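Student:
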Amino acid sequence: MRSQFVPLTTMVLPRKALPTAKPKAASAGAAAASQSQPLTSASPPVEVINIEDNKEENRAEKEGNSISSQGDSRKRSRDTRPTRDNGATKVKRPASLLGLREEPTPDPSSVIRSSVIELSPVLAADPTPVSFLTWNANGLMPRVRASQWVQFAKYANEVKPDVICLQEIRLPAMGPAGCRKGDGKPRDRGAVRVEPAASASAAEKRETQAVGSCLREALAAFPDYNVLMSLADWKYSGQFLLLRRHLKVAALRFNLDEEDPDIHHAEGRVIIADFGRLAFLTTYSPNNGWTQTSFQRRRQWDDALLKFMERQKKPLIWMGDINCAPSDADLSHPKVFRSAHQPDPNLKPEDVGQPGCTDAERHRLEGILRAGQRNPRTTPPPVQHAAYTWRGYSEDWSPSSARAMRLDHAFASEELLPCVTSIEIVGKAFPRLLCFCDSHRFRGTGS
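In C-alpha cells:
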C-alpha cells in the first residue's frame, strides 16, 4: 500500500536443524513469538528472521531441491537479468533476429544490471541463508536523497543479513530512448539506464542522470551482496533482492506461474530464490483499492499466489509488503478501518473496509496461509510502536490520530517454525511525515 513511510523487515534463522526438503504438510503451525527493538528515531523499521542450520542432518538431501516448476537447475552460469518482455510477452531471442526494431546496444557503463549469478545444485556442505531483512522503501530515490538510505545501510551492515529484499523501488526498467508507460516497447526489467541515450531529450537526460546518481550511491553501500532487480515500465512498484556473495543459488524465478521462470512480472512484484534446503519469496502485493476493477486485480493476484503455494514442495519463507492486515490485531483503529468504503451500489459486504482489511482479502490470505504459511505476529502493538507498517493520509485524520495498519509481514512454512529463533519489527515509527514504515526482525533457534 502506498504510504508516506518506508517499511523494512528482517528475518534470521539459527544454523541447526533446518528441515530437509519434503512434501509440505497440509496444516500450518504458529510462528515464534516476536519482540520489537527500536533503533534511532530516524531509523527505518526492519523485520528479521533467524533459522538454525544443522548440516549433518541434511547431508543426504539431494532431491526435491528445486522451486516448484522452476525447471532445470543444472550447473550453469546465468545472467539473471531478463530478456526483453512486453508485459506478459517475452522475447527470448535478440530483437534483430525477430525482425523487431532495436536500438544499438548501450555502452555497458550507461547501464546497471542485475548481478550475474551461477545457478548450481546446492550441496549439504554449502551455506544456507539464515537471516532475512525486508523493507518497503517506498521509492529508492527519495530515501537516498533524504539520507535515510545511509541509516538503513548502516543498520543492515551491522546485522549482516544473508538476504535483503526491498519493495516499491520505483525505478524504471531499461527501455529505448523516449519510452513511456504503456507504450508496448520492450524492456529489460533487470536493468536500469544510468546514462542518457544520445537521442534523449534534455528532460530525459536530467532524469536518467539523477536515477544513475542515486542508484550508484545505494548499491555502493552493499559491496558484499549480489543484486537482483525486477522493475516495472515506469517509476512504480519494482523490487530488489540482495544476496550475500557466498550464497549458492539453485534456481531463480521472477513470476508466480509455471511458465519460463525468467519472465518477470510486468510490475516487478515477484522474486523467488531457491537455496537448496529452503526457498525464499519476496512480493510487493497490489493494493486492493476502492473499485471493482482493483478488487478483481487483487483477486487474480491472490489466486495466482495460492496456486504457487499449493505447488510449493519445500520449506518457504515469504516476506514483503503483503498489503493485507490479517486480523484486527494488525489495525490501530479496527472500527474506523473496517467501515471505510466508497459509494458503490454494487459493493458487496465482503469488500467493505480500508484496502488491506476487507473480509475478502483476509479470507483469501488465510487460504494462502493454510497452504503452508503462518503469520508469526499476532499481538497488537501500542499505537506509537514501529510494529505498524503503514500510516497514511486522510482529510479527517489529524496528525495526532496515529491511525496505522500492519501490512508488511514475514511468513514461514510449518517445517521451518521449530528453527525460527526470533522475528522482530525494529526501528522507531512516528506519525505521518516523521514516520518510516515498519521494519521487522525474526530469529530462530534449532530444536
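Going by the working numbering, the final residue of the sequence shown carries number 1149, and the count climbs one at a time with no gaps. Yeah, the Cβ is synthetic: ideal placement off N, Cα and C, and Gly gets one too. All figures in this text were calculated on a predicted structure; none of them were measured in a lab.
What alpha helix (DSSP H) runs, 4 residues minimum, are completely inside the segment 873-953?
Tutor: Runs of the alpha helix (DSSP H) inside the segment 873-953: 904-922.
Student: Measure the C-alpha to C-alpha separation of L933 and V896 and round it to an integer number of angstroms.
Tutor: Position 231 of the sequence shown holds residue 933. Position 194 of the sequence shown holds residue 896. Approximately 14 angstroms, taken between the alpha carbons.
Student: Using only the alpha-carbon positions, how far apart do P831 and D864 sit?
Tutor: Residue mapping note: residue 831 aligns to position 129 of the sequence shown, counting from 1. Residue mapping note: residue 864 aligns to position 162 of the sequence shown, counting from 1. Their Cα atoms are separated by approximately 5 angstroms.
Student: So for Y1090, helix, strand or coil by DSSP?
Tutor: Residue 1090 sits at position 388 when you count from the first residue of the sequence shown. Here Y1090 sits in coil by DSSP.
Student: By the three-class DSSP mapping on this structure, what secondary structure does A848 have?
Tutor: To locate residue 848, count along the sequence shown from 1; it is residue 146. It is coil, neither helix nor strand.
Student: For my contact list, F942 and I1024 are in at a C-beta cut-off of 8 angstroms; report their separation, rounded to the angstrom.
Tutor: As a working note, residue 942 is residue 240 in the sequence shown. As a working note, residue 1024 is residue 322 in the sequence shown. The pair is not a contact, with the Cβ atoms about 17 angstroms apart (cut-off 8 angstroms).
Student: Three Cβ pairs or more, each shorter than 8 angstroms: is that satisfied between the segment 973-988 and the segment 1006-1016?
Tutor: The segment 973-988, when compared against the segment 1006-1016, does touch it at the 8 angstroms Cβ threshold.
Student: Classify R889: buried if its beta carbon has 16 or more other beta carbons within 10 angstroms, exposed otherwise.
Tutor: Within the sequence shown, numbered from 1, the residue matching residue 889 stands at position 187. When all chains shown are included, R889 counts as buried.
Student: Nearest by alpha-carbon distance to A1073: which of A1089, K1015, H1035 and K1037 is it?
Tutor: Walking along the sequence shown from the start, residue 1073 turns up at place 371. For A1073, the nearest C-alpha among the options comes from K1015.
Student: Please report the distance separating the alpha-carbon of F854 from that of M843.
Tutor: Counted from its first residue, the sequence shown places residue 854 at position 152. Counted from its first residue, the sequence shown places residue 843 at position 141. C-alpha separation (whole angstroms): 13 angstroms.
Student: Does the distance from the CB of P988 to the CB of R1001 come in under 7 angstroms?
Tutor: Counting from 1 along the sequence shown, the entry for residue 988 is found at position 286. Counting from 1 along the sequence shown, the entry for residue 1001 is found at position 299. Contact flag unset, no.
Student: My output table needs one value for L1119: the three-state DSSP class, helix, strand or coil.
Tutor: By one-based count along the sequence shown, residue 1119 stands at place 417. Residue state, collapsed to three classes: helix.
Student: Got a sec? Which residues, its chain only, sit under 7 angstroms from A920 by beta carbon, not counting five neighbours each side?
Tutor: Taking the first residue of the sequence shown as 1, we reach residue 920 at position 218. So the list reads L842, V846 and W851, once near-sequence residues are dropped.
Student: What are the uninterrupted segments assigned as alpha helix (DSSP H) that are 4 or more residues long and contained completely in the segment 1022-1047, given in chain order?
Tutor: As far as the segment 1022-1047 is concerned, its whole alpha helix (DSSP H) runs of at least 4 residues are 1036-1041.
Student: Locate the alpha helix (DSSP H) running through F1010, then write down its first and last residues.
Tutor: Numbered from 1 along the sequence shown, position 308 holds the residue referred to as residue 1010. First-last of the alpha helix (DSSP H) with F1010: Q994 to R1013.
Student: Please state if the CB of S901 and the CB of P1017 are separated by a distance shorter than 7 angstroms.
Tutor: Counting from one through the sequence shown, the residue named residue 1017 turns up at place 315. Counting from one through the sequence shown, the residue named residue 901 turns up at place 199. For P1017 and S901, no; Cβs fall outside 7 angstroms.
Student: Any idea if S816 is buried or exposed, counting beta-carbon neighbours within 10 angstroms, 16 or more meaning buried?
Tutor: Here residue 816 is taken as the residue at index 114 of the sequence shown, counted from 1. Buried, by the Cβ-count rule.
Student: Judging by CA-CA distance, which residue of I819, S903 and P1057 is the nearest neighbour of A952?
Tutor: Your numbering for residue 952 matches position 250 in the sequence shown. Nearest C-alpha to A952: I819.
Student: Taking E820 as part of the beta strand (DSSP E), name the residues at either end of that continuous run.
Tutor: For the purposes of this step, residue 820 is taken as the residue at position 118 of the sequence shown. Looking at the DSSP string, the run of the beta strand (DSSP E) that includes E820 is V818 to L821.
Student: From the DSSP output, in three-state form, read off F834 for me.
Tutor: Counting from 1 along the sequence shown, the entry for residue 834 is found at position 132. It is a strand residue.
Student: Using only the alpha-carbon positions, how far apart do Q772 and R947 sit?
Tutor: By 1-based counting over the sequence shown, the position of residue 772 is 70. By 1-based counting over the sequence shown, the position of residue 947 is 245. Low per-residue confidence applies at Q772: pLDDT is 37, beneath 50, and the placement is therefore not dependable enough to give any value.
Student: Can you give the Cα-Cα distance for C1059 and S1029, rounded to whole angstroms?
Tutor: As a first step, residue 1059 is located in the sequence shown; it is residue number 357 there, counting from the start. As a first step, residue 1029 is located in the sequence shown; it is residue number 327 there, counting from the start. The alpha-carbon atoms of C1059 and S1029 are separated by roughly 7 angstroms.
Student: Based on Cα-Cα distance, which residue from L949, L1109, G877 and Y986 lies nearest to A1031?
Tutor: Looking up residue 1031 in the sequence shown gives position 329. Considering only alpha carbons, the answer is L1109.
Student: Rounded to whole angstroms, what is the Cα-Cα separation between A899 and C881?
Tutor: One-based indexing of the sequence shown puts residue 899 at position 197. One-based indexing of the sequence shown puts residue 881 at position 179. Distance between the alpha carbons of A899 and C881 is about 12 angstroms.
Student: Check for me: the alpha helix (DSSP H) holding R1064 runs from which residue to which?
Tutor: Mapped onto the sequence shown, residue 1064 falls at position 362. Residues D1061 to R1072.
Student: Are A1027 and L1033 closer than 7 angstroms when you measure CB to CB?
Tutor: Translated into positions along the sequence shown, residue 1027 becomes position 325. Translated into positions along the sequence shown, residue 1033 becomes position 331. Going by C-beta atoms, A1027 is nearer than 7 angstroms to L1033.
Student: Could you give the residue range of the beta strand (DSSP E) that holds D1110?
Tutor: For the purposes of this step, residue 1110 is taken as residue 408 along the sequence shown, with counting starting at 1. Element bounds for D1110: D1110 to A1114.
Student: Let me confirm a value: H1065 is counted as buried when at least 16 other C-beta atoms fall within 10 Å, else exposed. Which label applies?
Tutor: Taking the sequence shown and counting its residues from 1, one reaches residue 1065 at position 363. Exposed, since its Cβ has fewer than 16 Cβ neighbours within 10 Å.
Student: Just curious, the beta strand (DSSP E) that F982 is in, first and last residue?
Tutor: Reading the sequence shown from its first residue, position 280 is the one you call residue 982. Here the beta strand (DSSP E) through F982 covers A981 to Y986.
Student: Which of the three DSSP states is assigned to V865 in this structure?
Tutor: As a first step, residue 865 is located in the sequence shown; it is residue number 163 there, counting from the start. If DSSP states are grouped into helix, strand and coil, V865 belongs with the strands.
Student: Would you mind sorting P1045 into buried or exposed? The rule is 16 or more other CB atoms within 10 Å of its CB.
Tutor: In the sequence shown, counting from the first residue as 1, residue 1045 sits at position 343. It is exposed - the Cβ of P1045 has fewer than 16 other Cβ atoms within 10 Å.
Student: Is A678 helix, strand or coil by DSSP?
Tutor: Because the chain spans 703 through 1149 in this model, residue 678 falls outside it and cannot be assessed.
Student: Pick helix, strand or coil for E860, following the three-state DSSP scheme.
Tutor: Residue 860 sits at position 158 when you count from the first residue of the sequence shown. Of the three classes helix, strand and coil, the one that applies to E860 here is helix, per DSSP.
Student: I need the DSSP call for L842, collapsed to helix, strand or coil.
Tutor: What you label residue 842 is simply residue 140 of the sequence shown in a count that begins at 1. Residue state, collapsed to three classes: helix.
Student: Sort G886, K883 and L873 by Cα distance to E909 and report the nearest one.
Tutor: For the purposes of this step, residue 909 is taken as the residue at position 207 of the sequence shown. Out of G886, K883 and L873, L873 has the C-alpha closest to the C-alpha of E909.
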